[in-house]
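Structure, as structure tokens:
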Amino acid sequence: YNLRSGRSPLMGNRSAKHGESIVPDQDPLLKTSFPLTRRIVHAEITRDFDIKPQVLGTGYSGAVHLAEHKVTGQRVAVKQFSKHGLKAHRLKLLKSEVEVYLRLDHPNICRLLYAYESNRDVW
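Counting in this note's numbering, the sequence shown runs from 19 upward without gaps.
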């Protein structure tokens, strides 16, 4: 997911602990002990994707934008969540949601292809 429109409802008055990761270190679908996979990236999403201005839809926590992979040309829907100011319980909910969506693989449910995390944001 990527690109918020305005302030996210996940924001709170207390900040999340600095350096606390939301995106897991290991892909939950893989049963290996490798620390990182291609689906989990600890970097800015703009390293690999061009975020387009086209809004595909909006929801409770912001806008969903079109993005295109810089190498493969794969087109994806992207949503961004800011970690700045997240209350501890909201941080826990977001982390749980990312882990659940990384596990989902069903033909009738949108799949989370990649999870990107920088110091400030999660996509």
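In this text, a Cβ means the ideal position worked out from N, Cα and C, and glycines have one as well.
Only a predicted model underlies this, so the values are computations on that prediction, with no experimental measurement involved.
What do you reckon, are the CB atoms on Val140 and Val118 nearer than 9 Å?
-> no
Would you mind reading off the limits of the beta strand (DSSP E) that contains Leu74?
-> 67-77
Identify every run of the beta strand (DSSP E) within the region 77-109, keeping only runs that are complete inside it and at least 3 residues long; order them along the chain.
-> 80-87, 93-96
Leaving out five residues before and five after Gly75 in sequence, what residues of the same chain have Cβ atoms less than 7 Å from its Cβ?
-> Val82
Can you give the Cα-Cα distance for Asp68 and Leu130, rounded to whole angstroms?
-> 17 Å
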